[in-house]
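So the sequence lines, in the order shown, correspond to chains A and B. Per numbering that gives the first Met the number 0, residue 0 is the first one in the first sequence, and the count goes up by one each step. Per numbering that gives the first Met the number 0, residue 0 is the first one in the second sequence, and the count goes up by one each step. We put the beta carbon where it would ideally sit given N, CA and C, even for glycine. Predicted model, so just to flag it, every value in this text is computed and none were measured. Step one of this worksheet: look at the structure below.
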Amino acid sequence: MSLLELNDVRKTFGAIEALRGVTFSVDAGSAVALVGDNGAGKSTLMKTITGVHHPDGGEIRFDGVSIVGRDPGEIREAGIEMIYQDLALARMRDVASNIFLGRELTRSVLGVKLIDTSRMRSEAEAMIERLGARIPSVTQMTGQLSGGQQQSVAIARALTFNPKLVIMDEPTAALAVREVEHVLDLIRTLKRDGISVILISHRLTDVFSVCDRIVVLRQGQVIADDATRSTSMNAVVAHIVGAHSEQAS
Amino acid sequence: MTSASTPAASASWRARFAGGAALRLESLVVLAVLCAAMALLSNVFLSVSNILNILLATSVFGVLAIGMTFVISSAGIDLSVGSILALSGVVGAMLTSNLGLPWWIGVLGCLAMGAFTGALNGFLITEGAIPPFIVTLGMLGVARGFALVLSNGVSIYGLPAAIVWLGQGRPFGVPVPVIILLLTALVAHVLLAHTRFGVYTQVVGDNEGAARAMGVRVERMKVLIYTLSGLLSGLAGLLFAARINSGEPTAGLNYELTAITAAILGGTNLFGGRGSVAGTLIGALIMGVLQNGLNLMAVRPFYQQIAIGAVLILAVWLDRINSREGWRR
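Structure, rendered in structure tokens:
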């Protein structure tokens, strides 16, 4: 059974039809690439899955249950984490509070729930260490870290709470070669641990090296959905630019 | 990418200080220098009765500034606090003086009027998607207008003794408004720095999209933040009315200027993301000392307006410089 199933998902913004009936699924422990030109609807689709946008039509089922209408907090609770392209970090707060953003640990003092900063810091430190990320200190303000370090914080946040599905939006776009390898290794590790991944990327070499399926989105519709081993880089590029959209549909 | 090579030790030192403590330290220095200057210029400045006077004068706009700290931390602004103060005071005075209801209904009436008006601000900002600047500027006019309409433009005298005590009482020599200011600050400090509500307030100001993506209910937060600011404006209205024993429709004119200045002086980032109640208290004291000092030196009140406005511009300028150096955007 598929972990995530999208069926005829639609979304319009005013006169613009961003998603025109998207259907695809993600199996447990597999990595699916979502590729397409700028404006194809990838980010809108992902934000619709994470609850930032609500679909105008169609069905999204996760673990067999419909998650349409839930807010982003509830969808994270269900086990879907997303690493946003802009990383979605509070840059004036420290690393630990970013990792626990939305899920702060609290302790009760006189019936009032106060944030447990010291426990958050020690757990954040453990998570950063497990990931092998090089961050000077979890008490450092996130905005003062380098781009790669900030991304490590966003990754750590996505992995701290045992997700079943991790969505990554262009995770390698801003990284150096060595850091890209690190992210690809991470995706392989996640798959091995039974965690599903949706990878949005323009870098087809990355996509071909870690993903099991490749879904091509064009003008808000899926125009190709193939197993990686039964397609080729040329075919995917042709789908992205719409060179043989006739045959695909 | 220039600061990426900063050594860890000095980086964490900077992280701690750029978090607001540096500005608070600067504000303390400003306050100390200002006090020293005033003490040299006036021989009554350091007397106990004058210091209590400063604290008493600070208490009303200090309470406003605490609410403003939450609003500005969330990258919002509330220009309606002075008008809500007046409207609340008038409503409290009408309930007690005109209608003869018990004192505690007057107190609750003040607070409820403030909270309701603040909630209305929050509702219009979120549901109407109107910028906070416009909503609260409009409310500045609307709330002041209602205060004038309800009171027919005249003061409502004769509040119950219990309410007057809230403004004029001095248990152990300390004015009640000062005690209320400090208690409010204590609760607000815990709320802003140590609870989810406070953290989310600052995260909404830091990166609203991130807050929403991570499950913070941003719209609900904003309504609550403006309701809190309104509630504290109602409390300030109660203190103001109690102190002069009347509901005054023209009370709190230009207090939004003082409250915003106090919050910014205390290290709250005008562009949102961080704020400190302790800093705001220091900022409010700077404003109090400044006004008191100018009074002692018999400077005409017109010049005080100039001084407060100039301090606000200067404080934002310094804040600008500080945030440019503190982190990359």
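- Taking all protein chains in view, the Cβ of residue 73(A) is surrounded by fewer than 16 other Cβ atoms within 10 Å, so the residue is classified as exposed.
- Any Cβ of chain A closer than 8 Å to the Cβ of residue 206(B) would place that residue at the interface, and such an atom is present.
- When rounded, the separation of the alpha-carbon atoms in residue 188(A) and residue 19(A) is 34 Å.
- Within chain B, the residues whose beta carbon sits less than 8 Å from that of residue 87(A) are 206, 208, 209, 212, 213, listed in sequence order.
- Judged by DSSP in its simplified three-state form, residue 171(B) adopts helix.
- The beta carbon of residue 267(B) sits no closer than 8 Å to any beta carbon of chain A.
- Here the region 297-315 of chain B makes no contact with the region 94-114 of chain B; the two share fewer than three CB pairs at distances below 8 Å.
- By the Cβ neighbour-count rule, residue 238(A) is buried, with 16 or more other Cβ atoms within 10 Å of its own.
- Straight through space, the alpha carbons of residue 293(B) and residue 265(B) are spaced by roughly 21 Å.
- Across the set 176(A), 10(A), 172(A), 102(A), the C-alpha of 102(A) shows the shortest separation from the C-alpha of residue 215(B).
- Residue nearest to residue 38(B) within the set 289(B), 301(B), 310(B) is 289(B) (criterion: CA-CA distance).
- The way I'd put it, the region 57-75 of chain A doesn't touch the region 114-127 of chain A; fewer than three beta-carbon pairs between them come closer than 8 Å.
- With respect to the C-alpha of residue 4(A), the residue from 182(A), 92(A), 27(A), 170(A) having the closest C-alpha is 27(A).
- Taking all protein chains in view, the Cβ of residue 181(A) is crowded by 16 or more other Cβ atoms within 10 Å, so the residue is classified as buried.
- One alpha carbon belongs to residue 250(B), the other to residue 84(B), and they sit about 7 Å apart.
- Interface residue (Cβ-Cβ distance to chain A less than 8 Å): residue 175(B) is not classified as such.
- In this structure, DSSP gives residue 57(A) an extended state, which the three-state scheme calls strand.
- With respect to chain B, the C-beta atom of residue 241(A) has no partner C-beta closer than 8 Å.
- Around residue 193(B), the beta-carbon contacts reaching into chain A at under 7 Å are 113, 114.
- Every unbroken stretch of the beta strand (DSSP E) spanning 3 or more residues and falling wholly within the region 156-206 of chain A is given here in chain order: 164-168, 195-199.
- Between the C-alpha atoms of residue 240(A) and residue 9(A) there is a straight-line separation of about 22 Å.
- When 221(A), 76(A), 15(A) are compared, the shortest CA-CA separation from residue 55(A) is found for 15(A).
- Chain-order list of chain A residues neighbouring residue 216(B): 70, 72, by C-beta distance under 8 Å.
- Residue environment: residue 67(B) is assigned as buried (16 or more neighbouring CB atoms within 10 Å of its CB, all protein chains considered).
- If only uninterrupted beta strand (DSSP E) runs of at least 3 residues are considered, those enclosed by the region 10-74 of chain A are 15-26, 30-34, 56-61.
- Residue contact with chain A for residue 70(B): absent (no Cβ-Cβ distance below 8 Å to any residue of chain A).
- Residue burial is scored here from C-beta neighbours: residue 99(A) has at least 16 other C-beta atoms within 10 angstroms and is therefore classed as buried.
- Its chain contains 108, 112 as the residues whose beta carbon lies nearer than 6 Å to that of residue 90(B), once the 5 sequence neighbours on both sides are disregarded; these appear in chain order.
- When only Cα atoms are considered, residue 261(B) and residue 63(B) end up about 9 Å apart.
- For residue 96(A), the neighbours in chain B by C-beta distance under 8 Å run, in chain order, 198.
- In the DSSP secondary-structure assignment, residue 106(A) is bridged to 113(A).
- Of all C-beta pairs linking the region 42-60 of chain B to the region 171-185 of chain B, three or more are shorter than 8 Å, placing the two stretches in contact.
- Using a Cβ distance threshold of 8 Å, residue 277(B) and residue 193(B) do not count as a contacting pair.
- The alpha-carbon separation between residue 142(B) and residue 98(B) amounts to approximately 21 Å.
- One Cα belongs to residue 295(B), the other to residue 43(B), and the distance between them is close to 8 Å.
- Comparing alpha-carbon positions, the option among 228(B), 116(B), 152(B), 139(B) lying closest to residue 183(B) turns out to be 228(B).
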